[in-house]
Structures are given as structure tokens and as C-alpha cells.
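Residues 136 to 369 (our numbering) make up the sequence shown, in order. Where a beta carbon is used, it is the ideal one built from N, C-alpha and C, also for glycine. Notes follow once the structure below has been shown.
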Amino acid sequence: KLCEGILNILEKDTKTSCQVACLEALRILSRDKKVLVPVTTKRNMQILMRLAKLDTAEDPLERVSEFPVIVEALKCLCNVIFNSAVAQKLSLELNLAAMLCSLLEKCKDRQFVDDIKCFGLRLLFLLSLLHTDIRSQLRQELQGVQVLTRALESSLSVRWMEEYKAAEDCDRPPLSLQETDCAIEALKALFNVTLDSWNVHSENESHQFRYMAAILRHCLLTTGPTEDKTEELH
């Protein structure tokens, strides 16, 4: 009942501070699988998707004041998807993976979106881990390899010397914690999406994997903010 009450409030047009507080409470509650039954309906998933800006491809990320709501909604969706098989099935019906790819594309060249990008990537990782149909959809229909590779490239701030050769900068400072976390989430999702890609069939796929290999080499030469984070990144 508490979850239903929170979602009823979130469905209304309330203040940003109220939305964030409600989503924070829902995120904590959604760690418990027993509480998730009322949350995992199509209507409630759509409420969370709308708050995470996953309901329309046309809505740009312009209002910085809305960013905390988007981040909290993505965190809630991560918990719900991870803990509920029903939510995992609904995510395919609601085309959640396609919406996430669109959100990640909106994050390109935008300021103050690192948290949105990071939790968008984490959600995409969970979907690709828990649902084989979504993994296939990402690979075959949604250009998931390209989307995730671009997200990784952006997180690592790769500069190119040649088509498949990234610039090596020995004096470059370590990645920030946010950049490192984004890169790690992108790598995890890429692993899932490319898991069955041992047989490359087209020239475009060949280009994509050579491009990704150059970025992965650059990643191995990159350090994170701490020794532990660097080890996790590698």
C-alpha cells in the first residue's frame, strides 16, 4: 500500500523536491522483492519511465532542475528490474531498451549528465544481463554496440590520431570517479551485448569491432581515481 501511495503521488504533477523524496523512498522499498508486487504493473512502470525521461524520444535534456528526478527514477528502475521477473518481461513490452538508447544519445555533449548516463548504462547492463531477447534486440535492432561504444569513448575522453588509433597521453590526469563508473557500466553492458558476437558477418560490423578494440586498448592505458577503481576498470 505504501508503494501504491507513493506511485499515486508520482503520477500527479508535484514539485521536484517531492518527486525526489518519493523516489528515494521507493528506491529503498524496491530492494525488497516482497514489496515489489504492486510496483510491477504496466502503469507503474510507465510512471517511472516518464520520470526518467524514457517515455518520449523528442524531449531533450534541458532542465537541469529535473536531473535529480531522472537519476532517482533510473535508480528505482534498476532495483525493480533486478528484483522482479515480471518487470523484466514488461521492459520488453514497453520497449525500455530502445528508450534507454535514445536517452544515452541525448547525453552526448551535454553538461551535468554524468549521473543520468551512469544509471542509464547500469539499467541497460541489467536488461542485457537478465533478458536474452533484449540482448538480441540491442545487438540486431537498436545498434546497441555503437551506442555503448560511443558512451565508453565519451567517458574515457578518447582523442583519435588515426581511424583505429587513439592518442596516448602519458601526462593525462586520472579519470574522475563519475567518468570511471560510467566507463565500467558501459563495459559491462558491452560484454553482454557482444557475448555471442564471435562471428562477424559484415564490413560495418568489422569496422565497429576494430573501433571498439582501439577504445578498449586506450581503456587499459587509462587510470582511475584510485588503485581499486583502476583495477575494476581494467
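query: Can you say whether C305 is buried or exposed, counting buried as having 16 or more other CB atoms within 10 angstroms of its CB?; result: exposed
query: Check whether the region 224-232 and the region 287-295 are in contact - that is, three or more C-beta pairs closer than 8 angstroms.; result: no
query: For the putative contact between Q272 and A232, defined by C-beta atoms under 8 angstroms, what is the C-beta separation to the nearest angstrom?; result: 6 angstroms
query: Does K323 come out as helix, strand or coil in the three-state DSSP assignment?; result: helix
query: Among the candidates P203, L189, K177, whose CA atom is the shortest distance from the CA of E159?; result: P203
query: Could you say which of L310, L239, Y299 lies nearest to Q278 if we only look at CA atoms?; result: L239
query: Report the residue ranges of all alpha helix (DSSP H) runs contained in full by the region 334-363; include only those spanning at least 4 residues, in chain order.; result: 338-355
query: Considering only their Cβ atoms, is the gap separating V174 from V215 smaller than 7 angstroms?; result: yes
query: Measuring alpha carbon to alpha carbon, tell me which residue in I141, T365, G359, V280 is nearest N179.; result: I141
query: To the nearest angstrom, how far is the alpha carbon of R307 from that of A301?; result: 13 angstroms
query: Expressed to the nearest angstrom, what Euclidean distance is found between the alpha-carbon atoms of T149 and R185?; result: 14 angstroms
query: Along the chain, where does the alpha helix (DSSP H) that runs through E139 open and close?; result: 137-146
query: Specify, as a first and last residue, the run of the alpha helix (DSSP H) that E298 falls within.; result: It is not in any alpha helix (DSSP H) - E298 carries neither H nor E in the DSSP assignment.
query: Can you check which of these residues, E303, M347, Q343, is closest to L356 by C-alpha distance?; result: E303
query: Compare the beta carbon distance of C253 and E320 with 7 angstroms and say whether it is the shorter of the two.; result: yes
query: State the CB to CB distance for the pair C236 and V282, rounded to an integer number of angstroms; the pair is presumed to be in contact (CB under 8 angstroms).; result: 5 angstroms
query: So, helix, strand or coil for S292, using DSSP?; result: coil
query: Quick one: grab the DSSP three-state call for K243.; result: coil
query: Restricting to Cα atoms, I'd like to know which of E276, A349, L287, K364 is closest to P309.; result: K364
query: To the nearest angstrom, how far is the alpha carbon of L137 from that of C211?; result: 15 angstroms
query: Does the Cβ of I350 have 16 or more other Cβ atoms within 10 Å, making it buried, or fewer, making it exposed?; result: buried
query: If we call anything under 7 angstroms between Cβ atoms a contact, is A324 one with F260?; result: yes
query: How about L262 and I269: do their beta carbons lie closer than 7 angstroms?; result: yes
query: Checking contacts by CB at 7 angstroms: is R294 closer than that to chain B?; result: Annotation note: the requested chain B is absent from the structure, which comprises a single protein chain.
query: Would L368 and T284 be called neighbours here (beta carbons separated by less than 7 angstroms)?; result: no
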